[in-house]
Amino acid sequence: MKTKMNQLFEDERCVHVLYAYDGVKNYIKQVVGFIQDGIEARDHVILIENEPMYRIIYEEMSNLLTTEEMTYVHRINNFDFYFSNGSYHPPAIVEHFNKVVQPYVEKNVRFRSWAHVEWASMEEPLHIIEDFERIVDGAVNDYSFPLICAYEGERMPDYLINILMETHPYVLMEEDFVISKQYQA
């Protein structure tokens with residue numbers, strides 16, 4: 006039986022989703038479900054995640070997936086990914102992402118991605134996130150893949166919530182996807 010996520014991703018491959026999670030337990034449930042659904046759909050899963058959270062996810066996955074299924078999961082350390090240039094610099098992040106997905110694109114291999122977006126403090130220049138999310142929204146359409154961007158809900162000021170609702174056409178609300186009425190292509 007297809008999940009709502011896999012049905013959406015089958016119907017429309019260019020899916021850029023915002024997930025504002027509330028608590029580690031909910032987060033783990035969603036990301037593990039995303040991985041399982043990806044494997045069921047025969048997609049490779051690019052997981053951009055921090056080390057402590059990945060250990061928890063890996064433990065959950067190792068209880069649910071076979072060794073062969075685990076080969077479909079490809080983790081990138083999110084700190085290295087977002088700060089590979091020494092700071093949160095959208096062009097460097099996009100370049101890094103393009104290098105990661107290029108083998109899948111060249112070989113016409115289906116993939117999906119989950120990105121856990123974190124930053125050190127609310128003093129970070131949040132307008133840079135808007136620039137980055139607009140670039141990423143274009144990449145989702147160019148490469149035709151589903152992407153979920155996960156942000157910790159309680160760390161999101163109203164200004165950032167508005168930016169993210171304008172840059173993500175879909176929002177994951179625990180068990181359902183809704184269309185963002187604020188989205189601006």
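Throughout the sequence shown, residue numbering follows our numbering, covering 6 to 190 in sequence.
By construction, the Cβ of each residue, glycine as well, lies at the ideal position given by its N, Cα and C atoms.
None of these values were measured; they are calculated from a predicted model.
Reference residue i, options the options, closest by Cα
| i | options | result |
| --- | --- | --- |
| residue 80 | 101, 50 and 145 | 50 |
| residue 147 | 12, 18, 10 and 8 | 18 |
| residue 163 | 190, 132, 143 and 149 | 132 |
| residue 45 | 15, 59, 68 and 33 | 15 |
| residue 10 | 112, 187 and 177 | 177 |
| residue 53 | 105, 68 and 114 | 105 |
| residue 95 | 74, 183, 42 and 135 | 135 |
Opening and closing residue of the alpha helix (DSSP H) in which residue i lies
| i | result |
| --- | --- |
| residue 60 | 56 to 69 |
| residue 39 | 29 to 45 |
| residue 162 | Run containing residue 162: none; DSSP gives neither H nor E here. |
| residue 13 | 9 to 16 |
| residue 104 | 95 to 111 |
| residue 147 | 132 to 148 |
Cutoff 7 Å; reference residue i; Cβ partners in own chain excluding five residues on either side
| i | result |
| --- | --- |
| residue 158 | 25, 26 and 27 |
| residue 184 | 174 and 175 |
Burial state of residue i, where buried means 16 or more other Cβ atoms lie within 10 Å
| i | result |
| --- | --- |
| residue 6 | Unreliable placement is indicated for residue 6, whose pLDDT of 44 sits below 50; the coordinate value is still reported in the next sentence. Exposed is the call here. |
| residue 64 | exposed |
| residue 143 | exposed |
| residue 116 | buried |
| residue 13 | buried |
| residue 35 | buried |
| residue 102 | buried |
| residue 85 | exposed |
| residue 69 | exposed |
Element boundaries [beta strand (DSSP E), containing residue i]
| i | result |
| --- | --- |
| residue 178 | 175 to 178 |
| residue 182 | 181 to 184 |
| residue 80 | 78 to 82 |
| residue 190 | It is not in any beta strand (DSSP E) - residue 190 carries neither H nor E in the DSSP assignment. |
| residue 117 | 116 to 121 |
| residue 23 | 20 to 26 |
Contact set for residue i: own chain, Cβ-Cβ below 8 Å, skip 5 residues either direction
| i | result |
| --- | --- |
| residue 154 | 21, 22, 23, 24, 120, 122, 138, 141, 169 and 173 |
| residue 145 | 19, 20, 21, 151 and 152 |
Own chain residues within Cβ distance below 6 Å of residue i, not counting five before or after
| i | result |
| --- | --- |
| residue 151 | 14, 20 and 117 |
| residue 181 | none |
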